[in-house]
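Residue 146 in this note's numbering sits at position 136 of the sequence shown; the count goes up by one each step and never skips.
Below is one structure, written out as structure tokens; comments come after it.
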Amino acid sequence: MDLPETYARTLADFLAHLEQERRCSKHTIAAYRLDLEQFFDYCIDRLDSRPLNRLTHAEIRDYLGFVLSHGYERRSAARKLSSIRSFFRYLVRTGAAPASPARTVKSPRLGRRLPALLSQFQVAQALEPLGDSEAALRDIAILEVLYGSGLRIAELVGLNLSDIDFRSETIKVRGKGNKERILPLGRAEREALERYLPKRSQPDAEPVFLSLRGRRLSIRAVRNIVGKLLSRVAGVTATNPHALRHAFATHLLERGADLRAVQELLGHASLSSTQVYTHLTVERLKRIYDKAHPRSGAKD
């Protein structure tokens with residue numbers, strides 16, 4: 011649906027603000043665009059394209075109900091509300107709206123969602139060598155870096171040769187909000203990269219991970235590669251790249267890593283984002299206890 015000129019212009023200004031002032035990644039900006047365009051479609055259909063500075067708290071709340079009634083999960087609805095809140099904060103700050111109608115709208119209550127966990131044995135199976143072709147060495151190097159450094163998929167795709175320092179054994183990563191962090195380069199991932207890089211058909215190309223045509227791999231291509239490699243391991247239900255990030259964090263905590271250190275390695279702004287992994291390790295310990303301890307009370 012085509013947006014009215016005032017909606018389209020205001021949206022363009024807000025997205026430019028995200029890119030130029032807040033330094034958001036293109037993926038974050040695309041998510042904001044989608045959320046707000048869906049909201050504007052609702053305003054056009056249900057509210058007769060009412061001016062944005064005249065929308066009310068009740069109308070934002072009704073939109074949230076509309077989203078939930080159309081099959082969206084609570085987590086998705088909460089994200090859409092967050093996008094709308096950010097948008098109206100921008101309007102208030104620039105003087106385009108007197109107040110934010112979304113400020114006091116309550117987010118849907120979210121249940122704690124624990125990520126599916128790959129065991130250390132399953133990760134080891136996924137990392138078994140595939141051969142010595144460029145594609146085979148690249149695919150294993152991708153898994154090694156995702157698991158060895160706990161990268162987000164966009165962070166991995168954005169890696170350049172200049173980000174990897176083999177001498178100091180570190181990787182420079184650009185995370186959410188274009189924030190940089192320096193991560194240790196583990197032995198296994200270093201060796202995987204050292205095997206892959208000389209095999210590239212375009213050895214001087216700046217992107218680390220290339221398609222066979224010599225271009226930077228896309229996020230979709232990495233998802234397909236990781237999904238294929240994880241799917242060959244028996245018992246694996248989580249076959250997306252984020253499963254390796256989950257495994258990275260959980261396996262560190264299981265071996266006694268400090269929670270704050272894991273937070274820094276993951277690039278989490280809030281400790282609460284990291285604490286979900288501590289809950290996961292406790293749940294796993296409970297299962298082990300119930301199975302093994304003679305006085306656990308669990309039935310055989």
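Backbone N, C-alpha and C define an ideal beta-carbon position, used for all residues, glycine too.
Keep in mind that this is a model prediction, so the values were computed, not measured.
Q: For my contact list, residue 132 and residue 243 are in at a C-beta cut-off of 8 Å; report their separation, rounded to the angstrom.
A: 5 Å
Q. Grouping DSSP H, G and I as helix and E and B as strand, with all else coil, what is residue 210?
A. coil
Q: Could you check how far apart the C-beta atoms of residue 70 and residue 94 are, in whole angstroms? I think they sit under 8 Å.
A: Cβ atoms of residue 70 and residue 94 come within 8 Å of each other, at about 7 Å.
Q.
Checking 9 Å against the spacing of the C-beta atoms, do residue 43 and residue 65 come in under that value?
A. no
Q) Quick check: the segment 193-211 against the segment 141-158, are there 3 or more CB pairs under 8 Å? A) yes
Q. Just to check, is the beta-carbon of residue 54 closer than 8 Å to a non-hydrogen atom of the ligand FMN?
A. No copy of the ligand FMN occurs in the structure displayed, which carries no ligand at all.
Q) For residue 224, which option in 144, 247 and 238 has the closest C-alpha, if you only look at C-alpha atoms? A) If you compare the alpha carbons of 144, 247 and 238 with that of residue 224, the shortest gap goes to 144.
**Q.** Sequence-distant residues of the same chain with beta carbon closer than 6 Å to residue 151, five excluded per side
**A.** 202, 203 and 206
Q. If you drop the 5 nearest sequence neighbours on each side, which residues of the same chain put their C-beta closer than 8 Å to that of residue 189?
A. Excluding positions up to five away in sequence, the list reads 277.
Q. Beta-carbon separation of residue 79 and residue 17 under 9 Å?
A. no
Q. Short check: CB of residue 160 to CB of residue 240, under 9 Å?
A. no
Q.
By the three-class DSSP mapping on this structure, what secondary structure does residue 190 have?
A. Residue state for residue 190 is assigned as strand, using DSSP reduced to three classes.
Q. Considering only residues of the segment 110-185, which uninterrupted alpha helix (DSSP H) runs meet the minimum length of 4 residues and lie entirely inside it, listed in chain order?
A. 130-136, 144-159 and 163-167
Q: With DSSP as the reference, please indicate the residues paired to residue 217 in a beta bridge.
A: 170
Q. Looking only at DSSP bridge pairs, what is residue 226 linked to?
A. 220
Q: Check whether the Cβ atoms of residue 175 and residue 182 lie closer than 9 Å to each other.
A: yes
Q. Between residue 247 and residue 127, what straight-line distance do the alpha-carbon atoms span, to the nearest angstrom?
A. 9 Å
Q: Give the C-beta separation of residue 63 and residue 107 to the nearest angstrom, bearing in mind that I take them to be a contact with Cβ-Cβ under 8 Å.
A: 4 Å
Q. On the premise that residue 50 lies in contact with residue 318, defined as a C-beta separation below 8 Å, what is that separation, rounded to the nearest angstrom?
A. Residue 318 lies beyond the residue range present for the chain, which begins at 11 and ends at 310; the question has no answer from this structure.
**Q.** residue 263 versus residue 226 - alpha carbon distance
**A.** 33 Å
**Q.** DSSP state of residue 275 mapped onto helix, strand, coil
**A.** Three-state DSSP puts residue 275 in a helix.
Q. How many angstroms separate the CA atom of residue 72 from the CA atom of residue 115?
A. 10 Å
Q. Which whole-angstrom value describes the C-beta separation of residue 236 and residue 251, a residue pair presumed to lie in contact below a C-beta threshold of 8 Å?
A. 5 Å
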